[in-house]
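Enquirer:
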Ligand SMILES: Cc1cc2nc3c(=O)[nH]c(=O)nc-3n(C[C@H](O)[C@H](O)[C@H](O)COP(=O)(O)OP(=O)(O)OC[C@H]3O[C@@H](n4cnc5c(N)ncnc54)[C@H](O)[C@@H]3O)c2cc1C
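Numbering (our numbering), first residue to last: 9 to 421.
If you want it as structure tokens, here you go:
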């Protein structure tokens, strides 16, 4: 096991990013680009300069005015509720298309809480035959020979950010054209994303595959060309596998008899048995609550954040650098690398206060301690039944109604 090491995160940005590179020599992927700076300050800045009218008009196009807020929401620099409130206060009913996108994140998160580690395997039987091919090396290296798919992989590797529509095309290509096992592909994809999030990522792959949706998602060349403004297609010379009608593609991709893919039982994380003998109470900041405005982080107790290989081993360099930016905004935070239980025990900690999470890896890493799990901020107070959680449309029917026909209409905005 690696010796615990305390990190002293430099306040100077350039030094900070270099320091993280030195401290995490095994982290994969490229350096965080200048387009990204972690932390709450930047999240609020992005929200305040957000152009809702353009978003409404063109967010489905890859050059559309999307917010690029996903990493900030992922690490809790800003909560979904705060983002929705800021937008509703600024734009009233006009913010609906954006708030509905925020709701997707909330929806996936609720499903994660409900299903636990089952999200890593088929939640439902697939509606079309799926394959179990391994992820080919040409995908990992970004040399598929298709300029559009290579472009997606390039964005993923360099920027760690891919537009939502492009994520859907890529997932559909890998799952339905190449018949790759979605689980392996989803793990690989998440490992390079700046906003890598178990729920949004794995459940979106299931949505594309049709193991958590009523039908598979697929696309054709005409749709891709339109939503990219011909960016890849204009000069593309390849024999395009997407250049077909939807009927022809349906026939080609799914004509085999439905295969019987059984659910692989979800693995439960091994819980540590030995409870800490220490008494001291500390605040534990995990990677979903990195905001200086978080009330738990304002308590007068020792504050810890640990880069623990049980949770963060596969994180790419740029994600660790982004999180280091976030941690730099949190005064008094002790930042460590190593095994959480060893570090906290050595510091005499026996009890922890932290925010609840659906991430069972985080829960397993804190299992030797008595933990007070405080509820996370709710995006909506609406009670969602199990039946409504089966599909986003049923969830939004209720949540959208509360948000836009109750609150906003009542406010006369
Ligand atoms: C295969 C696949 C994998 C994905 N993996 C992730 C992931 O690991 N982490 C992640 O945060 N999102 C993931 N998404 C969802 C979505 O693509 C990103 O949240 C979105 O592209 C982020 O860009 P944005 O902030 O500019 O979005 P905007 O369009 O500006 O939307 C605002 C916010 O709404 C939320 N949101 C929007 N669309 C979705 C969606 N479909 N699902 C969930 N939340 C959404 C995000 O938090 C986003 O920041 C994935 C989607 C697909 C199809």
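Glycine residues also receive a C-beta, built at the ideal position from the N, C-alpha and C atoms.
Looking at the structure shown, is residue 344 part of a helix, part of a strand, or coil, going by DSSP?
Expert: Residue mapping note: residue 344 aligns to position 336 of the chain shown, counting from 1. Reduced to three states, the DSSP call for residue 344 is strand.
Enquirer: Looking at C-alpha atoms only, which residue of 122, 183 and 173 is the closest neighbour of residue 144?
Expert: Sequence index remark: in the chain shown, residue 144 carries index 136 (1-based). Closest option to residue 144, Cα to Cα, is 183.
Enquirer: Would you decide whether residue 382 is buried or exposed? Buried here means 16 or more other CB atoms lie within 10 Å of its CB.
Expert: Locating residue 382 in the chain shown gives position 374, counting from the first residue. Exposed: under 16 other Cβ atoms inside 10 Å.
Enquirer: Would you check whether ligand 1 has a heavy atom nearer than 8 Å to the C-beta of residue 293?
Expert: One-based indexing of the chain shown puts residue 293 at position 285. No, Cβ of residue 293 sits at least 8 Å from all heavy atoms of ligand 1.
Enquirer: From residue 15 to residue 136, what does the alpha carbon distance come to, in whole angstroms?
Expert: Taking the first residue of the chain shown as position 1, residue 15 is located at position 7. Taking the first residue of the chain shown as position 1, residue 136 is located at position 128. If I take the Cα positions, the gap works out to 49 Å.
Enquirer: Return yes when the Cβ of residue 199 is within less than 9 Å of the Cβ of residue 323, no when it is not.
Expert: For this step, residue 323 is matched to residue 315 along the chain shown. For this step, residue 199 is matched to residue 191 along the chain shown. Closer than 9 Å, so yes.
Enquirer: Can you say whether residue 71 is buried or exposed, counting buried as having 16 or more other CB atoms within 10 angstroms of its CB?
Expert: Here the question's residue 71 lines up with position 63 in the chain shown. Classification for residue 71: exposed.
Enquirer: Assign residue 391 to one of three DSSP states: helix, strand, or coil.
Expert: Within the chain shown, the letter at position 383 stands for residue 391. Residue state, collapsed to three classes: coil.
Enquirer: Using C-beta distances below 7 Å, list every residue in its chain close to residue 18, excluding the 5 sequence neighbours before and after it, in chain order.
Expert: Locating residue 18 in the chain shown gives position 10, counting from the first residue. Excluding sequence neighbours, residue 18 sits near 24 and 27.
Enquirer: Taking just the CA atoms, how far does residue 386 sit from residue 299?
Expert: Numbered from 1 along the chain shown, position 291 holds the residue referred to as residue 299. Numbered from 1 along the chain shown, position 378 holds the residue referred to as residue 386. If you take the alpha carbons of residue 299 and residue 386, they lie about 16 Å apart.
Enquirer: For residue 95, count the other beta carbons within 10 Å of its own beta carbon; 16 or more makes it buried, fewer makes it exposed. Which is it?
Expert: By one-based count along the chain shown, residue 95 stands at place 87. Counting Cβ neighbours within 10 Å, residue 95 comes out buried, since at least 16 surround it.
Enquirer: Nearest-angstrom Cα distance between residue 325 and residue 255?
Expert: The residue given as residue 325 occupies position 317 in the chain shown. The residue given as residue 255 occupies position 247 in the chain shown. Approximately 43 Å, taken between the alpha carbons.
Enquirer: Helix, strand or coil for residue 386? Go by DSSP, reduced to three states.
Expert: For the purposes of this step, residue 386 is taken as the residue at position 378 of the chain shown. In this structure, residue 386 counts as coil in the three-state DSSP scheme.
Enquirer: Using C-beta distances below 7 Å, list every residue in its chain close to residue 154, excluding the 5 sequence neighbours before and after it, in chain order.
Expert: Against the chain shown, residue 154 aligns to sequence position 146. So the qualifying residues of the chain are 246.
Enquirer: Counting pairs of Cβ atoms below 8 Å between the stretch 42 to 50 and the stretch 347 to 365, do you hit three or more?
Expert: Cβ pair count under 8 Å is below three, so no.
Enquirer: Helix, strand or coil, according to DSSP, for residue 359 in the structure here?
Expert: Taking the chain shown and counting its residues from 1, the one referred to as residue 359 is at position 351. Strand.
Enquirer: Tell me the DSSP bridge mates of residue 177?
Expert: Position 169 of the chain shown holds residue 177. In DSSP, residue 177 forms no bridge with anything.
Enquirer: Using CA coordinates, which residue listed in 291, 194, 149 and 391 is at the minimum distance from residue 312?
Expert: For the purposes of this step, residue 312 is taken as the residue at position 304 of the chain shown. Cα-wise, what sits closest to residue 312 is 291.
Enquirer: For residue 361 versus residue 309, is the C-beta distance shorter than 9 Å?
Expert: Looking up residue 361 in the chain shown gives position 353. Looking up residue 309 in the chain shown gives position 301. Yes. Within cutoff.
Enquirer: I need the straight-line Cα distance from residue 305 to residue 339, nearest angstrom please.
Expert: Position 297 of the chain shown, counted from the first residue, corresponds to residue 305. Position 331 of the chain shown, counted from the first residue, corresponds to residue 339. If I take the Cα positions, the gap works out to 9 Å.
Enquirer: Consult DSSP for residue 128 and reduce its assignment to one of helix, strand or coil.
Expert: Taking the first residue of the chain shown as 1, we reach residue 128 at position 120. Note: residue 128 maps to helix in three-state DSSP.
Enquirer: Under 9 Å between the Cβ atoms of residue 344 and residue 108?
Expert: Your numbering for residue 344 matches position 336 in the chain shown. Your numbering for residue 108 matches position 100 in the chain shown. No; because the gap between Cβ atoms is not below 9 Å, this pair is not in contact.
Enquirer: Would residue 365 and residue 320 be called neighbours here (beta carbons separated by less than 9 Å)?
Expert: Position 357 of the chain shown, counted from the start, is the residue given in the question as residue 365. Position 312 of the chain shown, counted from the start, is the residue given in the question as residue 320. No, the Cβ-Cβ distance between residue 365 and residue 320 is not below 9 Å.
Enquirer: Give me the Cα-Cα distance between residue 97 and residue 238, rounded to the nearest whole angstrom.
Expert: Start at 1 with the first residue of the chain shown, and residue 97 comes out as number 89. Start at 1 with the first residue of the chain shown, and residue 238 comes out as number 230. If you take the alpha carbons of residue 97 and residue 238, they lie about 37 Å apart.
Enquirer: For residue 271, I'd like the list of residues in its chain whose CB is within less than 7 Å of its CB, leaving aside the five on either flank, ordered along the chain.
Expert: Here residue 271 refers to the residue found at position 263 of the chain shown. Residue confidence is low: residue 271 scores 40 on pLDDT, short of 50, so the model does not pin down where it sits. No coordinate-derived value is stated.
Enquirer: Can you tell me which residues form a DSSP beta bridge with residue 310?
Expert: Indexing the chain shown from 1 puts residue 310 at position 302. Answer is 290, bridged to residue 310.
Enquirer: Does the Cβ of residue 105 have 16 or more other Cβ atoms within 10 Å, making it buried, or fewer, making it exposed?
Expert: By 1-based counting over the chain shown, the position of residue 105 is 97. Exposed, since its Cβ has fewer than 16 Cβ neighbours within 10 Å.
Enquirer: With respect to 8 Å, is the separation between the Cβ of residue 382 and the closest non-hydrogen atom of ligand 1 below this value?
Expert: Here the question's residue 382 lines up with position 374 in the chain shown. Not so, every heavy atom of ligand 1 lies at least 8 Å from the Cβ.
Enquirer: What are the residues that DSSP puts in a beta bridge with residue 380?
Expert: As a first step, residue 380 must be located in the chain shown, where it is residue number 372. According to DSSP, which records beta bridges pairwise, residue 380 is partnered with 361.
Enquirer: Helix, strand or coil: how does DSSP classify residue 246 here?
Expert: In the chain shown, the residue the question calls residue 246 occupies position 238. Residue state, collapsed to three classes: coil.
Enquirer: Would you decide whether residue 113 is buried or exposed? Buried here means 16 or more other CB atoms lie within 10 Å of its CB.
Expert: By 1-based counting over the chain shown, the position of residue 113 is 105. The residue is buried, with at least 16 neighbouring Cβ atoms inside 10 Å.
Enquirer: Could you work out which residue in 189, 151, 329 and 43 is closest to residue 142 when comparing CA atoms only?
Expert: Counting from one through the chain shown, the residue named residue 142 turns up at place 134. Here the closest residue by C-alpha is 189.
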